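**Q** Here you go, one structure.
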Amino acid sequence: MCGIIGYTGTREAVPLLLEGLRKLEYRGYDSAGVAVVNPESARGTVRARCEGKIANLSALLETTPISGHTGIGHTRWATHGPPSERNAHPHRAGKVHVVHNGIIENHRVLRSELASDGCQFSSDTDSELVAHLVDRAYSDDSHDLHAAVRIALERLEGAYALCVVHDAHPKEIIIARNKSPLLIGLAARPREGDAPPREETFVASDASAMLAHTRRVVDLADGDTARLHPAGATVFDAKGVPVKRRPRTIEWSPVAAEKQGFKHFMLKEIFEQPRAIRNTLMGRLRSDSNTVDFADLDLKFSEHTKITLLACGTSWHAALAGKYLIEQLARIPVEVDLASEYRYRNPIVRQDDIAIAISQSGETADTLAALREAMRIGATGVAICNVVDSTIARAADFVLYTHAGPEISVASTKAFTTQLTMLTMLAVHLGLANGKLPVARATALVEGLRALPVSIDFVLGQSSLVKTIARRYSFARDFLYLGRGLSFPVALEGALKLKEISYVHAEGYASGEMKHGPIALIDDQMPVVMLALKGPGYDKAISNLDQVRARGGKIIAVASMGDAHIGDLADDVLLVPNVDEFLQPILASVPLQLLAYYTADLKGTDVDQPRNLAKSVTVE
15 MCGIIGYTGT REAVPLLLEG LRKLEYRGYD SAGVAVVNPE SARGTVRARC EGKIANLSAL
75 LETTPISGHT GIGHTRWATH GPPSERNAHP HRAGKVHVVH NGIIENHRVL RSELASDGCQ
135 FSSDTDSELV AHLVDRAYSD DSHDLHAAVR IALERLEGAY ALCVVHDAHP KEIIIARNKS
195 PLLIGLAARP REGDAPPREE TFVASDASAM LAHTRRVVDL ADGDTARLHP AGATVFDAKG
255 VPVKRRPRTI EWSPVAAEKQ GFKHFMLKEI FEQPRAIRNT LMGRLRSDSN TVDFADLDLK
315 FSEHTKITLL ACGTSWHAAL AGKYLIEQLA RIPVEVDLAS EYRYRNPIVR QDDIAIAISQ
375 SGETADTLAA LREAMRIGAT GVAICNVVDS TIARAADFVL YTHAGPEISV ASTKAFTTQL
435 TMLTMLAVHL GLANGKLPVA RATALVEGLR ALPVSIDFVL GQSSLVKTIA RRYSFARDFL
495 YLGRGLSFPV ALEGALKLKE ISYVHAEGYA SGEMKHGPIA LIDDQMPVVM LALKGPGYDK
555 AISNLDQVRA RGGKIIAVAS MGDAHIGDLA DDVLLVPNVD EFLQPILASV PLQLLAYYTA
615 DLKGTDVDQP RNLAKSVTVE
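Here our numbering is used: the first residue of the sequence shown is 15, the next is one more, and so on.
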């Protein structure tokens with residue numbers, strides 16, 4: 015996702031900004047840019063932007079150097095408007111330059127108001143609107159940039175991390191945070207006998223961007239703003255009152271900073287899921303009507319429309335859940351196809367059919383080929399993927415980005431749960447569009463989606479318990495995962511995670527199929543992971559659990575909070591908050607990811623890069 019770096023001090027800003035942007039490259043991006051305040055320049059602030067990698071920006075700055083001691087930089091991952099120089103940050107309005115992470119949810123209303131007032135826009139982004147609002151609020155009489163930013167913030171709805179510079183303020187950066195990370199970096203304290211520290215202050219969306227220069231950081235709370243200058247920073251709360259935010263010292267090395275203190279990228283990405291899901295929801299959940307916004311998805315339906323979900327691996331498991339969601343909520347028939355099989359069975363496609371390709375990378379060769387085949391025959395193509403401007407995204411007629419952020423670990427975690435989140439929202443949208451889903455039911459699901467990040471935080475709080483359970487069963491050579499209904503794809507995904515990274519053989523089955531073969535394997539050496547969540551199928555799950563116990567199997571149950579009986583039936587229990595049945599797959603996936611991670615870590619495998627696997631399968 016997008017990255018921010020800013021600097022004000024005594025050194026030339028551009029080398030520091032480029033260095034910081036390179037540290038943020040692992041996050042993924044499609045364009046980059048910097049703006050540096052230079053009072054000696056006729057323009058006041060000089061900007062350089064380009065599409066593509068930071069190497070392109072660096073080459074541009076070598077050709078056309080920029081000088082100055084205060085500047086901001088940004089790597090963009092497209093949300094509003096395609097990747098291009100005109101959509102790259104920083105954005106300018108008058109004497110103001112802005113970089114922005116997040117999504118301004120009311121950007122359509124603001125753009126309309128500003129346009130009707132004569133405002134001219136130079137990009138397709140929501141971020142440019144912030145620059146215009148600050149420029150209009152700035153008063154040459156008061157000369158108070160912080161006040162202008164606060165006035166602009168009153169108009170914004172959504173999530174943002176903002177850095178603002180002004181031509182007339184060569185030693186000042188104004189920053190603001192709401193639901194999007196932003197850190198202040200204070201000048202490093204000298205050791206006894208050292209020279210006095212430089213007067214300089216940093217700001218970044220990720221500590222890794224500034225750790226080469228300081229480990230003293232200040233965390234901002236939601237609603238905070240701050241005035242940065244070379245000698246330090248003044249922080250203000252949401253009411254504009256100056257507050258003290260205690261600095262902390264980061265102990266990670268710059269190399270480890272990208273993992274933010276986690277042992278592996280996979281564990282970091284598991285813990286990023288609350289934020290990743292918020293990013294997926296951002297711009298899709300309408301605050302004014304408590305519904306979903308898919309205005310960019312112009313699909314035509316008839317009574318004969320069929321949806322085909324095309325995917326591989328983990329994304330195929332998300333597709334299996336998607337079939338259940340769309341058919342139940344929208345009453346539209348859905349097929350799920352392994353993309354690697356689709357082209358070779360001469361599929362039947364009608365002109366009003368819709369093919370949805372699901373891929374984390376957007377580069378999966380089999381999924382791309384299947385989508386192209388479906389579209390060649392006549393289907394409308396839709397992509398659900400994580401990487402902006404990827405090949406699958408470009409090939410489709412429409413694209414729905416999950417905005418999970420870069421996923422470094424080969425084993426997918428946050429990409430899976432954000433795919434499930436997007437499919438749930440899509441099912442709600444389709445159900446409302448064709449009138450099959452009652453508005454009250456849709457409202458309840460939207461409210462449940464909003465609350466999901468908090469519920470996932472609760473599950474992540476049990477990570478030490480999951481680690482203890484993993485240690486208890488680390489002897490096992492085989493695992494069986496069982497689930498029914500929407501829990502069946504979760505069982506498949508849980509088994510896949512375990513085998514991918516720990517090299518332990520694991521199989522996922524529909525609970526009703528246990529007696530059709532797998533029950534023969536159950537003994538006291540085979541742990542059985544049972545998804546026994548409250549709702550339809552719960553009683554049958556308990557019956558399966560009894561059958562496992564009768565054969566001496568060791569049971570790890572994933573159950574709903576408040577289940578008073580599950581503790582008497584299972585050897586170990588992992589509780590998840592009670593949520594709507596259609597949201598259970600997202601929540602129930604998290605403890606299974608942790609179980610796989612801790613099992614692999616205890617076995618000493620290469621968690622992030624397991625043998626024989628690649629992050630993106632770009633060959634058939």
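We put the beta carbon where it would ideally sit given N, CA and C, even for glycine.
Because the structure is a prediction, the values reported are computed rather than measured.
Helix, strand or coil: how does DSSP classify M224 here?
**A** Of the three classes helix, strand and coil, the one that applies to M224 here is coil, per DSSP.
**Q** For the stretch 471-547, list the alpha helix (DSSP H) runs that are entirely contained and at least 4 residues long, ordered along the chain.
**A** Segments of the alpha helix (DSSP H) lying fully in the stretch 471-547: 477-486, 501-516.
**Q** With distances taken from CA atoms, which of V604, E595, A484, A584 is nearest K617?
**A** The shortest C-alpha separation from K617 is found at A484.
**Q** Find out if the Cβ-Cβ distance for the pair E507, G522 is shorter than 9 Å.
**A** Against a cut-off of 9 Å, the Cβ pair of G522 and E507 comes out as a contact.
**Q** Hey, out of A344, E317, G327, whose CA is closest to D366's CA?
**A** Ranking A344, E317, G327 by Cα distance to D366 puts E317 first.
**Q** Kindly indicate which three-state DSSP category S70 falls into: helix, strand or coil?
**A** First, the amino acid is wrong: residue 70 is Asn here, not Ser. Helix.
**Q** First and last residue of the alpha helix (DSSP H) that includes S6?
**A** There is simply no residue 6 to check, as the chain begins at 15 and stops at 634 in what is shown.
**Q** Once DSSP output is grouped into helix, strand and coil, what is the label at R169?
**A** R169 falls in the coil class under three-state DSSP.
**Q** So for E286, helix, strand or coil by DSSP?
**A** In this structure, E286 counts as coil in the three-state DSSP scheme.
**Q** Ignore the nearest five residues each way along the sequence and tell me which others in R191's own chain have a CB closer than 6 Å to its CB.
**A** Excluding residues within five positions, the ones whose Cβ falls inside 6 Å are A175, L234, D238.
**Q** Since G108 and D155 should fall inside the 8 Å C-beta cutoff, what is the C-beta to C-beta distance between them, to a whole number of angstroms?
**A** About 16 Å; that fails the 8 Å criterion.
**Q** Closest by CA to L444, which one among G462, F493, P347?
**A** Taking only the C-alpha atoms, the option nearest L444 is P347.
**Q** Is R125 buried or exposed, if buried means 16 or more other CB atoms sit within 10 Å of its CB?
**A** Flag for R125 reads buried.
**Q** Write down every uninterrupted run of the beta strand (DSSP E) in the stretch 74-137 whose length is 3 residues or greater and which is fully enclosed by it, in chain order.
**A** As far as the stretch 74-137 is concerned, its whole beta strand (DSSP E) runs of at least 3 residues are 84-90, 105-107, 110-118.
**Q** Going straight from the alpha carbon of R289 to that of P467, what length do you get?
**A** In a straight line, the C-alpha of R289 is about 7 Å away from that of P467.
**Q** Which same chain residues end up closer than 8 Å to E214 when comparing Cβ atoms and leaving out the 5 residues on each side of it in sequence?
**A** Within the same chain, E214 has close Cβ partners Y21, T22, G23, T24, R25, A201, H227, P244.
**Q** Going by DSSP, which residues form a beta bridge with Y415?
**A** In the DSSP output, where bridge partners are listed per residue, Y415 has C399.
**Q** Output needed for S194: all residues of its chain with C-beta closer than 6 Å, excluding positions within five of it in sequence on either side, in chain order.
**A** If we look at S194 and ignore the five residues flanking it on each side, its Cβ neighbours are N115, G116, A173, Y174, A175.
**Q** Note the first and the last residue of the continuous beta strand (DSSP E) segment covering K568.
**A** Where K568 is concerned, the enclosing beta strand (DSSP E) stretches over 568-574.
**Q** Could you please give me the residues that DSSP links to N645 through a beta bridge?
**A** Residue 645 lies beyond the stretch modelled for the chain, which goes from 15 to 634, so this question has no answer here.
**Q** Rounded to the nearest angstrom, what separates A151 and Q342 at their Cα positions?
**A** Looking at the two C-alpha atoms, the distance is approximately 49 Å.
**Q** Going by DSSP in three states, G327 sits in which element: helix, strand or coil?
**A** G327: helix per DSSP, three-state reduction.
**Q** Who are the near neighbours of A34 in its chain, counting only those whose CB is closer than 7 Å to its CB and skipping five residues on each side?
**A** For the sequence presented, residue 34 should be read as Gly rather than Ala. The answer, listed in chain order, is I19, G87, A218, A223, M224.
**Q** Name, in chain order, the residues that DSSP records as bridge partners for C64.
**A** Partner(s): A46.
**Q** With a cut-off of 8 Å, do at least 3 Cβ pairs link the stretch 540-553 to the stretch 484-499?
**A** Enough Cβ pairs lie closer than 8 Å, so yes.
**Q** Sort F315, E119, A325, L38 by Cα distance to R364 and report the nearest one.
**A** Here the closest residue by C-alpha is F315.
**Q** Got a sec? Which residues, its chain only, sit under 6 Å from K481 by beta carbon, not counting five neighbours each side?
**A** Around K481: Y612.
**Q** Does the beta-carbon distance from A353 to A383 come in below 9 Å?
**A** The answer is yes: Cβ separation under 9 Å.
**Q** Identify the continuous alpha helix (DSSP H) that holds H146 and give its terminal residues.
**A** H146 -> alpha helix (DSSP H) spans 141-151.
**Q** State whether the stretch 273-293 contacts the stretch 252-259, with contact taken as three or more CB pairs (one from each stretch) at a distance under 8 Å.
**A** Contact fails: fewer than three Cβ-Cβ distances are below 8 Å.
**Q** Tell me whether Q134 is buried or exposed, calling it buried when 16 or more other Cβ atoms sit within 10 Å of its Cβ.
**A** Answer is exposed; the Cβ neighbour count stays below 16.
**Q** Can you tell me whether DSSP reads D586 as helix, strand or coil?
**A** D586: strand per DSSP, three-state reduction.
**Q** Look at the alpha carbon of A102 and the alpha carbon of A162, and state the distance between them as a whole number of angstroms.
**A** Straight-line Cα distance between these residues: approximately 23 Å.
**Q** Give me, in chain order, the residues of the same chain whose beta-carbon lies closer than 6 Å to that of P97; leave out the 5 immediate sequence neighbours on both sides.
**A** Cβ neighbours of P97 beyond the five flanking positions: D44, S45, E65, D403.
**Q** Just tell me which of H331, T416, R498 has its CA closest to the CA of G549.
**A** Comparing Cα-Cα distances from G549 to each of H331, T416, R498, the minimum goes to R498.
**Q** What does the alpha-carbon distance come out to for the pair V633 and E171?
**A** Bear in mind that a pLDDT of 40 at V633, under 50, signals an unreliable position, so the number given afterwards is only what the model happens to contain. The straight-line gap from Cα to Cα measures roughly 43 Å.
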